[in-house]
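Structure first, commentary second.
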Amino acid sequence: MDDELPVRVMLGRLLRLAEYRVREFATGEEFLGSLSTRLPLCAIVDLHMPGLSGFEVQSRIRAASLRVPVVFITGSDEDALERMALAAGATKLLRKPFSSDELLGAIGGAIGSVGRTRMGG
1 MDDELPVRVM
11 LGRLLRLAEY
21 RVREFATGEE
31 FLGSLSTRLP
41 LCAIVDLHMP
51 GLSGFEVQSR
61 IRAASLRVPV
71 VFITGSDEDA
81 LERMALAAGA
91 TKLLRKPFSS
101 DELLGAIGGA
111 IGSVGRTRMG
121 G
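In full-length UniProt numbering, the protein residues as written are 1 to 121.
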């Protein structure tokens with residue numbers, strides 16, 4: 001999810017080309033509301049959004065004990081963000097602009113980490 005429409009459109013196109021089923025959300029509130037009907041294999045969450053921040057979204061996912069791996073994206077170059085993102089439970093932090101290979105690799109790693117957890121490995 002990203003509050004910027006052009007970013008959501010670009011991410012959606014890229015992921016559909018990679019044969020992922022995609023749902024796009026402009027806010028953390030919209031995304032969290034959708035989790036009662038369907039859990040995604042992975043969530044791509046912008047750290048800085050109006051309303052709930054990416055960290056707040058991640059915190060609510062964890063508080064609900066949902067197994068949804070999160071890949072954070074950000075336009076910020078603040079050094080501490082990567083450490084904070086990983087400490088919050090994200091599988092990866094990507095800084096904009098990132099390549100499609102970086103994004104697809106992060107998603108693959110996130111999905112694989114959940115599979116290993118569910119299998120006990």
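Cβ coordinates follow ideal geometry from the N, Cα and C atoms, glycine included.
Own chain residues within Cβ distance below 8 Å of Glu102, not counting five before or after: Leu94
Nearest to Ala90 (by Cα), restricted to the options Tyr20, Gly109 and Leu52: Gly109
Is the separation between the beta-carbon of Ala64 and that of Leu35 shorter than 9 Å? yes
Own chain residues within Cβ distance below 8 Å of His50, not counting five before or after: Note that residue 50 is Pro in the sequence shown here, rather than His. Answer for Pro50: Asp3 and Thr27, listed in chain order.
Who are the near neighbours of Arg16 in its chain, counting only those whose CB is closer than 8 Å to its CB and skipping five residues on each side? Val22
Contacts around Arg62, its chain only, beta-carbon distance under 6 Å, and the 5 residues preceding and following it disregarded: Gly89
Where Arg13 and Leu104 are concerned, what is the direct C-alpha to C-alpha distance, given to the nearest angstrom? 12 Å
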